[in-house]
Amino acid sequence: RVDVGDQDWVIAQHGARLPQVSAGAGNLTITGPGAALTTVQRDPGALTGFRLLDTLAGVLRVSGLTLKGGSPGAAGGAILENGTNTAVYLDGVVLDGNAAGGGTANGAAAGNGGAVYVGSNNFLSVRNSTISGNSATGDGGGIYFFSGGGLVVENTTVTGNSSGGTVGGGGLYWFGIAGATPPPGFTPNTVVISNSSFANNSTSVAAGGGIAIPNLTGTFLAQNSTFAGNSSATTGGGINVNGGAVVVQGST
């Protein structure tokens, strides 16, 4: 467990970044006093590119801080979780101004996940958070999730993110089977967007300016959420879903 105090952390050198957390190292919890009080940031003047958190931990929990400016020149600008059967919980977190580039890292597809990259058969919970101003040369300007597992985005703002890949998802990219037996806090067989806002996200090449789901087995549920000002180069400026069932309740 790491408790981050009421101060900002500017990481200037490649060797000073948070190290990769191995699969055998146990679970990891990082707790800050509040996203407005503590920022962990890659120094814009750093001589090398790096992400802020690279983990294979079985369970990762991050709360109460801002992660800013990660730029590894590869997938997962701020957070890369490419383990197997892992769960990531983000609560009260701001992910701002991170970028994914075209290099490869730890088996993750190049250029994807401007802020967050989550790999196969994992679970991602994003609550009470903001994902803003992130970019990917590939897909998933804010979040990239491939392939299958569980996802819930609740009470969260996803805004001003962009992707340049051939599939899309300026704000969010998802691909795969929604898990039938997820951990507590997830909905079986369902990708959930609840009480959230997707605004002004964009794709420059492909579909799904706000959300792109090129392949879904299960249900996509958008509940009490708003989608405004998102744009794509092809179809689905707000949402583009292929496969599965789509349920929209109380949303605009």
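Heads up: the sequence shown runs through residues 68 to 319, numbered per the working numbering.
Quick reminder that beta carbons are idealized off the backbone N, C-alpha and C, glycines included.
Being a predicted model, the structure only gives us computed values, none of them experimental.
Residue range of the beta strand (DSSP E) that includes D206: Run containing D206: none; DSSP gives neither H nor E here.
Helix or strand or just coil, what does DSSP make of A320? Nothing can be reported for residue 320: it is not among the residues displayed for the chain, which extend from 68 to 319.
Just to confirm the assignment, what range does the beta strand (DSSP E) spanning S130 have? Where S130 is concerned, the enclosing beta strand (DSSP E) stretches over V126 to K135.
Just mark V313 as buried or exposed, buried being the case when its beta carbon has 16 or more other beta carbons within 10 Å. By the C-beta density criterion, V313 is exposed, having fewer than 16 other C-beta atoms within 10 angstroms.
Hey, A124 and G93: beta-carbon distance below 9 Å or not? Note that the C-beta distance between A124 and G93 is below 9 Å.
With burial defined as no fewer than 16 other Cβ atoms inside 10 Å of the residue's Cβ, what is the status of Q108: buried or exposed? Classification of Q108: buried, given that the 10 Å Cβ count is 16 or more.
Could you tell me the alpha carbon to alpha carbon distance between R128 and P251, rounded to whole angstroms? Rounded to whole angstroms, R128 to P251 spans 14 Å at the Cα level.
Per DSSP, what kind of secondary structure is G243 in: helix, strand or coil? Secondary structure of G243 (DSSP, three-state): strand.
For L162, which option in A176, G143, N173 and T151 has the closest C-alpha, if you only look at C-alpha atoms? Considering only alpha carbons, the answer is G143.
Along the chain, where does the beta strand (DSSP E) containing P250 start, and where does it finish? P250 -> no beta strand (DSSP E), and no H or E assigned at all.
Once you ignore the five residues that flank G101 on each side, which residues in its own chain have a CB closer than 6 Å to its CB? The residues G131, in chain order, have a CB closer than 6 Å to that of G101 in the same chain once the five nearest residues on each side in sequence are set aside.
With a floor of 3 residues, list each beta strand (DSSP E) that falls wholly inside the segment 169-198, ordered by position along the chain. 183-185 and 189-194, all fully within the segment 169-198.
Using the three-state DSSP reduction, which class does A295 fall into: helix, strand or coil? In the three-state reduction of the DSSP assignment, A295 falls in the strand class, which pools E and B.
On the three-state DSSP scale, how would you describe G285? Correct three-state label for G285: coil.
A245 to L218, Cα distance in whole Å? So the two alpha carbons sit approximately 8 Å from each other.
So L288 packs on T257, CB below 8 Å; how close in whole Å? The pair is a contact, with the Cβ atoms about 5 Å apart (cut-off 8 Å).
Have a look at V88, G317 and W241 and flag the residue whose alpha-carbon is nearest the alpha-carbon of S264. S264 has its Cα closest to that of G317, out of V88, G317 and W241.
Is the CB-CB distance between V220 and S199 below 9 Å? V220 places its beta carbon 9 Å or farther from that of S199.
With F117 as the anchor, note down where its beta strand (DSSP E) starts and where it stops. Note, F117: premise wrong, no beta strand (DSSP E); not H, not E.
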